[in-house]
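Enquirer: Keeping their order, the protein sequence lines are chains A and B. Positions 60 to 357 (this note's numbering) are the ones given, in order, by the first sequence. Positions 339 to 886 (this note's numbering) are the ones given, in order, by the second sequence. Glycine is no exception: its CB is placed at the ideal position from the N, C-alpha and C atoms.
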Amino acid sequence: MTFLLTNKKNPEDRHPFVDQLEQLWRNKTAVAGMVVIALFVLTALLAPFLSPHDPVDAALYDQLKPPIWTKAGSTNNLLGTDDLGRDILSRLIYGARVSLLVAVVTVGIGVLFGSLLGAVSGYYKGFLDTIIMRFMDILLAFPHILLAIVIMAYMGPGLRNAMIAIGIVYIPRFARIIRASVLEEHEKDYVIASKAIGAKDWRIIFAAILPNCLAPLIVQTTLGFASAILDAAALGFLGLGAQPPTPEWGAMIAMGRSHILRAWWVMTFPGIAILLAVLGFNLFGDGLRDALDPRLRD
Amino acid sequence: MIRKVGLILCGLILMFAVTACEKKEPEKKTEEPAPTATKEGGTLVFGRGGDSVGLDPAYETDGNSFMICDNIYEALIFYQDESTALEPGLAESWDISPDGKTYTFYLRKGVKFHDGTPFNADAVVFSIGRMMKERKLKFFSMEWDVPPQERPPEYWVSMEMDDTVDSIEAVDDYTVVFKLKRVDAPFLANMGMDFADIISPTAFMNNPKEFLRNPVGTGPFKFVEWVKDDKIVLEKNENYWDTSGGPYLDKLIFRTIPENSVRFLELKAGNIHICQFPNPADIPLAKEDPNLKLVSQPGMNIGYLSFNYTKSLWQNIHMRRAIAFAINRQAIVDNIYQGMGQVAKNPIPPTMWGYNDKIEDFPYDPEKAKLELAEGGYPGGADLPEITLWSMPVPRPYNPEGLKVGVAMISDLAKVGIRAKIVSYDWGTYLKRQREQPKDMDLFQLGWTGDNGDPDNFLAVLFDGLASPAIRTQWKNEEYHKLMLEGKQTIDQAKRAEIYMRALQVFHDEVAAICVAHSTVIWPMRNNVMNFKLHPTASVRMKNVRLE
Numbered sequence: 060m061t062f063l064l065t066n067k068k069n070p071e072d073r074h075p076f077v078d079q080l081e082q083l084w085r086n087k088t089a090v091a092g093m094v095v096i097a098l099f100v101l102t103a104l105l106a107p108f109l110s111p112h113d114p115v116d117a118a119l120y121d122q123l124k125p126p127i128w129t130k131a132g133s134t135n136n137l138l139g140t141d142d143l144g145r146d147i148l149s150r151l152i153y154g155a156r157v158s159l160l161v162a163v164v165t166v167g168i169g170v171l172f173g174s175l176l177g178a179v180s181g182y183y184k185g186f187l188d189t190i191i192m193r194f195m196d197i198l199l200a201f202p203h204i205l206l207a208i209v210i211m212a213y214m215g216p217g218l219r220n221a222m223i224a225i226g227i228v229y230i231p232r233f234a235r236i237i238r239a240s241v242l243e244e245h246e247k248d249y250v251i252a253s254k255a256i257g258a259k260d261w262r263i264i265f266a267a268i269l270p271n272c273l274a275p276l277i278v279q280t281t282l283g284f285a286s287a288i289l290d291a292a293a294l295g296f297l298g299l300g301a302q303p304p305t306p307e308w309g310a311m312i313a314m315g316r317s318h319i320l321r322a323w324w325v326m327t328f329p330g331i332a333i334l335l336a337v338l339g340f341n342l343f344g345d346g347l348r349d350a351l352d353p354r355l356r357d
Numbered sequence: 339m340i341r342k343v344g345l346i347l348c349g350l351i352l353m354f355a356v357t358a359c360e361k362k363e364p365e366k367k368t369e370e371p372a373p374t375a376t377k378e379g380g381t382l383v384f385g386r387g388g389d390s391v392g393l394d395p396a397y398e399t400d401g402n403s404f405m406i407c408d409n410i411y412e413a414l415i416f417y418q419d420e421s422t423a424l425e426p427g428l429a430e431s432w433d434i435s436p437d438g439k440t441y442t443f444y445l446r447k448g449v450k451f452h453d454g455t456p457f458n459a460d461a462v463v464f465s466i467g468r469m470m471k472e473r474k475l476k477f478f479s480m481e482w483d484v485p486p487q488e489r490p491p492e493y494w495v496s497m498e499m500d501d502t503v504d505s506i507e508a509v510d511d512y513t514v515v516f517k518l519k520r521v522d523a524p525f526l527a528n529m530g531m532d533f534a535d536i537i538s539p540t541a542f543m544n545n546p547k548e549f550l551r552n553p554v555g556t557g558p559f560k561f562v563e564w565v566k567d568d569k570i571v572l573e574k575n576e577n578y579w580d581t582s583g584g585p586y587l588d589k590l591i592f593r594t595i596p597e598n599s600v601r602f603l604e605l606k607a608g609n610i611h612i613c614q615f616p617n618p619a620d621i622p623l624a625k626e627d628p629n630l631k632l633v634s635q636p637g638m639n640i641g642y643l644s645f646n647y648t649k650s651l652w653q654n655i656h657m658r659r660a661i662a663f664a665i666n667r668q669a670i671v672d673n674i675y676q677g678m679g680q681v682a683k684n685p686i687p688p689t690m691w692g693y694n695d696k697i698e699d700f701p702y703d704p705e706k707a708k709l710e711l712a713e714g715g716y717p718g719g720a721d722l723p724e725i726t727l728w729s730m731p732v733p734r735p736y737n738p739e740g741l742k743v744g745v746a747m748i749s750d751l752a753k754v755g756i757r758a759k760i761v762s763y764d765w766g767t768y769l770k771r772q773r774e775q776p777k778d779m780d781l782f783q784l785g786w787t788g789d790n791g792d793p794d795n796f797l798a799v800l801f802d803g804l805a806s807p808a809i810r811t812q813w814k815n816e817e818y819h820k821l822m823l824e825g826k827q828t829i830d831q832a833k834r835a836e837i838y839m840r841a842l843q844v845f846h847d848e849v850a851a852i853c854v855a856h857s858t859v860i861w862p863m864r865n866n867v868m869n870f871k872l873h874p875t876a877s878v879r880m881k882n883v884r885l886e
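1) Taking B/GLY679 as the reference, give the member of B/GLN635, B/PHE663 and B/ASN666 with the closest Cα.
2) Whole angstroms is fine: what's the gap from B/ASN319's alpha carbon to B/PHE602's?
3) What do you get for B/ASN790, buried or exposed, if any count of 16 or more other CB atoms within 10 angstroms of its CB means buried?
4) Roughly how many angstroms lie between the CA atoms of B/PHE542 and B/PHE549, to the nearest whole one?
5) Here's the rule I'm using: 16 or more other beta-carbon atoms within 10 Å means buried, otherwise exposed. How should A/PHE186 be labelled?
6) Out of curiosity, what's the CA-to-CA distance linking A/ASP290 and B/ILE665?
7) Any idea which residues DSSP pairs B/ASN528 with across the strands?
8) Taking B/TYR441 as the reference, which of B/GLU398, B/LYS517, B/ALA712 and B/TRP813 has the closest Cα?
9) Compare the C-beta of A/ALA301 against all C-beta atoms of chain B and say whether one is closer than 7 Å.
10) Taking 7 Å as the CB-CB limit, is B/LEU526 close to chain A?
11) Whole alpha helix (DSSP H) runs in the region 192–231 of chain A with 4 or more residues, listed along the chain?
12) DSSP on B/THR648, reduced to helix/strand/coil?
13) Roughly how many angstroms separate the alpha carbons of B/THR374 and B/LEU632, rounded to a whole number?
14) If we count the other Cβ atoms within 10 Å of its Cβ and call it buried at 16 or more, is A/TRP308 buried or exposed?
15) Interface residues of chain C around A/PRO75 at Cβ under 9 Å?
16) Quick check: the Cα distance between A/ILE256 and A/PRO231, rounded to an integer number of angstroms?
17) In this structure, how does DSSP classify B/VAL600 when only helix, strand and coil are distinguished?
18) In terms of DSSP beta bridges, what is B/ILE725 paired with?
19) Is it true that the CB of B/PHE533 sits closer than 7 Å to the CB of B/ILE410?
20) Comparing C-alpha positions only, which one of B/ARG658, B/LEU727, B/VAL754 and B/GLY785 sits nearest to B/ALA720?
21) So what's B/PHE404 in DSSP terms, helix, strand or just coil?
22) Given a cut-off of 7 Å on the beta-carbon distance, is the pair B/PRO546 and B/ASP794 in contact?
23) In three-state DSSP terms, what is B/LYS450?
24) Straight-line CA distance for B/GLU369 to B/LEU393?
25) Based on DSSP bridge pairs, tell me the residues matched to B/GLN635.
26) What first and last residue would you give for the beta strand (DSSP E) that runs through B/THR767?
27) So which of B/THR787, B/LEU741, B/VAL745 and B/LYS566 has the shortest CA-CA distance to B/TYR768?
28) Which runs of the alpha helix (DSSP H) spanning at least 4 residues fall entirely within the region 465–513 of chain B, listed in chain order?
29) Can you tell me which of the three DSSP states B/LEU423 falls into?
30) So with CB distances below 8 Å, who are the chain B contacts of A/GLN122?
31) Could one say the Cβ of B/SER877 lies closer than 7 Å to chain A's Cβ atoms, at least one of them?
32) Just mark B/ASP626 as buried or exposed, buried being the case when its beta carbon has 16 or more other beta carbons within 10 Å.
33) Would you identify the three-state DSSP class for B/LYS696, choosing helix, strand or coil?
34) I'd like to know if A/LEU119 contacts chain B, where contact means its C-beta is closer than 7 Å to some C-beta of that chain.
35) Can you tell me the Cβ-Cβ gap for B/ALA850 and B/THR875, rounded? I've got them flagged as a contact below 8 Å.
36) So for B/LYS708, helix, strand or coil by DSSP?
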């Protein structure tokens with residue numbers, strides 16, 4: 060791999076992967092991020108077992124009950140209820156599912172199409188490169204939430220469309236990273252060797268070059284999860300993402316905002332949930348970069 | 339690192355920006371003078387959610403345009419202050435021929451438009467006549483060449499007035515005769531609606547295209563200026579014909595403040611005197627504030643849930659009944675309308691004649707709903723595909739929060755085994771697509787605020803699907819349709835009331851739609867505003883209002 064070739068420290072006795080893992084482990088903030096992510100994923104997977112109530116069951120006469128530690132709080136609703144009497148804790152737990160789904164699907168779309176476009180563009184260069192990358196530049200020139208809103212306006216609101224829209228927005232950032240790596244790898248000896256023995260283009264791209272571009276891709280993917288969660292929440296807040304009654308964190312904030320003066324808990328808890336999830340992915344992503352990028356190593 | 343901080347900041351901003359918006363105290367004082375403490379005169383500032391579209395009453399359709407027209411123009415017939423009972427307006431009296439097809443109006447003398455043009459029979463022929471497709475008009479002293487219509491006069495068209503009015507003639511300076519093609523019982527009440535306001539013909543002829551921005555009528559207030567999306571200013575008409583009461587205010591300003599909570603804070607700060615459509619959640623805050631008082635009026639409206647009758651599923655009455663039993667409407671009124679309303683059992687409000695109090699409402703009864711579901715062919719709801727419930731994205735007078743009502747409804751439906759999901763579009767798209775009765779629509783929420791206090795204005799316009807494909811609930815029932823026609827063509831109100839009661843019974847037996855609620859309109863205002871009354875038609879009249 061890239062760093063394998065440049066890293067001359069302990070070339071014989073240690074696999075670089077062990078090295079990187081150790082480096083990651085020493086980074087306390089990255090570990091903290093990892094813990095948050097683990098909790099987040101576990102919550103999402105075990106939602107039906109963890110949540111005390113049905114997240115969409117409206118108990119109208121129990122609306123706006125405060126959290127347990129306040130005077131009027133009750134053990135029935137640990138974090139209180141929203142304006143339709145739904146249990147906020149249960150909605151947060153199910154909301155983790157929605158956020159995780161959005162993060163995986165959108166980043167998946169971005170990585171898939173981004174890598175493909177970036178690899179093709181970096182490998183063949185020339186006219187094709189110019190066309191693809193100028194198009195990517197156009198996409199990048201839009202503020203990304205605005206671009207997502209434009210796409211949603213065309214496709215209509217809903218969680219599925221929101222994921223497609225955010226996914227499209229993420230394509231250029233992956234395309235650029237992969238293209239840069241491919242351009243760099245393209246001139247390396249192993250690629251020239253592959254060519255010399257007559258490997259086909261697609262084989263060189265997918266079997267030889269792409270595996271060597273993984274490091275920056277992994278870092279970008281982790282950070283991408285964070286911004287995907289944030290973008291999905293923003294679209295949900297604007298009413299374009301998940302439609303009611305889907306428990307989605309951004310939509311929960313939007314629903315709670317008209318009650319902020321009387322019932323602070325309705326929008327505060329989903330806000331904290333978004334904050335923690337995004338923070339977790341960002342800390343972990345930064346730690347990964349420190350560990351994987353040879354230029355940033357001690 | 340910088341990006342990371344940025345992202346975290348974004349998260350924080352998402353959380354608190356909204357709070358900040360809500361809390362934003364209006365620091366800047368408006369340039370308008372502060373409320374003065376005189377008994378007469380003064381400037382009243384009215385805060386509202388949206389700007390007017392135009393000020394030519396014949397062409398407008400929205401409440402924000404009509405509320406300005408209410409104060410600039412007058413019609414032949416007036417509605418009373420707090421009801422839709424009729425009283426003489428610009429017409430002092432009228433005769434109706436025995437066959438019900440000729441209406442003769444005797445006009446008030448000595449009335450002048452704001453531009454000095456005298457009000458007379460020709461002005462009436464001109465104002466109403468310009469809306470007709472085939473203009474069979476006769477003027478008495480003037481001979482105007484009425485300019486062609488810029489766009490269709492929507493109210494006139496949707497009320498099928500071209501099928502009703504045959505000709506309009508000025509017999510002398512103060513007598514106008516309307517000849518009708520058919521008997522139309524609500525005709526007199528219709529002549530009190532905003533679209534039938536009388537405008538100054540000379541002002542209109544000066545510049546027909548700009549009239550909607552330079553309105554001239556006979557009303558208690560004169561138009562001064564319009565700053566788009568900001569304010570409309572009116573001033574007192576010193577020469578108002580009725581000298582027995584108002585207008586008392588020197589100046590009247592309608593300010594546009596789109597955000598409900600910001601508008602309410604402006605009221606609390608004293609920058610506006612009356613706040614239209616506050617958030618239901620802000621009403622308790624208004625009650626606590628010693629500087630504010632509330633005015634309320636049971637609205638002449640209905641919020642309903644109806645069915646897509648193009649689908650065979652909903653032609654099945656058991657399915658309709660199942661939905662009716664499954665939904666807890668009382669809980670919706672108590673908690674989402676915040677008590678500002680009452681559960682409806684008829685599609686017309688209880689204050690209206692023709693209301694059928696004998697009807698026994700569907701109780702909230704999940705067990706009965708399950709039985710009906712089984713009889714409808716879906717025991718336990720097992721084989722029923724997921725249905726859609728269209729919910730309105732905007733607050734309306736008859737339904738403060740359509741999405742929340744929808745969420746509560748599907749939660750109720752889930753309890754009897756019916757799986758449903760919410761569908762919503764922006765308001766324009768919602769109205770347009772609803773009319774197409776698309777396959778992906780099963781249930782839909784809508785509502786209506788009455789225009790003239792006549793049951794025909796609810797029952798025929800909303801539910802008689804056989805009358806026209808434009809009727810939003812395409813419920814087609816022969817008996818109901820016949821009753822609607824009979825109601826239109828009967829003059830005697832007692833007889834008509836009976837007809838409509840029978841129609842309401844058919845409506846109930848067939849579960850044509852589920853009547854959810856009649857909402858109560860509550861607006862907060864400053865303590866010093868005297869004599870402001872809400873009207874059932876949602877018109878805003880400032881003639882008798884004064885500031886203490």
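Expert: Answer, in terms of the structure:
1) B/GLN635
2) Given that chain B is displayed from residue 339 to residue 886, the structure contains no residue 319 of chain B and the question cannot be resolved.
3) buried
4) Cα atoms of B/PHE542 and B/PHE549: separation of roughly 6 Å, rounded to the nearest angstrom.
5) exposed
6) 35 Å
7) The partner list for B/ASN528 (beta bridge, DSSP) is empty, contrary to what the question assumes.
8) B/LYS517
9) no
10) So, not an interface residue.
11) 203–214
12) coil
13) Because B/THR374 sits at a pLDDT of 44, beneath the cut-off of 50, its placement in the model cannot be relied upon, and the following sentence gives the value as read from the coordinates. Taking C-alpha positions only, B/THR374 is separated from B/LEU632 by approximately 21 Å.
14) Counting Cβ neighbours within 10 Å, A/TRP308 comes out buried, since at least 16 surround it.
15) Here chain C cannot be found, since the structure's protein chains are A and B.
16) Distance between the alpha carbons of A/ILE256 and A/PRO231: 33 Å.
17) Reduced to three states, the DSSP call for B/VAL600 is helix.
18) B/ALA758
19) no
20) B/VAL754
21) helix
22) no
23) Note: B/LYS450 maps to strand in three-state DSSP.
24) Residue confidence is low: B/GLU369 scores 44 on pLDDT, short of 50, so the model does not pin down where it sits. Its coordinate-derived value is still stated next. Taking the straight line from one Cα to the other gives about 25 Å.
25) B/VAL859
26) Taken as a continuous stretch (DSSP letters only), B/THR767 belongs to no beta strand (DSSP E), being part of the alpha helix (DSSP H) at 765–773.
27) B/LEU741
28) 492–496
29) The sequence given here places Ala at residue 423 of chain B; Leu does not occur at that position. Three-state result, B/ALA423: coil.
30) ASN673
31) no
32) For clarity, residue 626 of chain B is Glu in the given sequence; the question names Asp instead. Label assigned to B/GLU626: exposed.
33) coil
34) yes
35) Not really, about 24 Å apart at Cβ, beyond 8 Å.
36) helix
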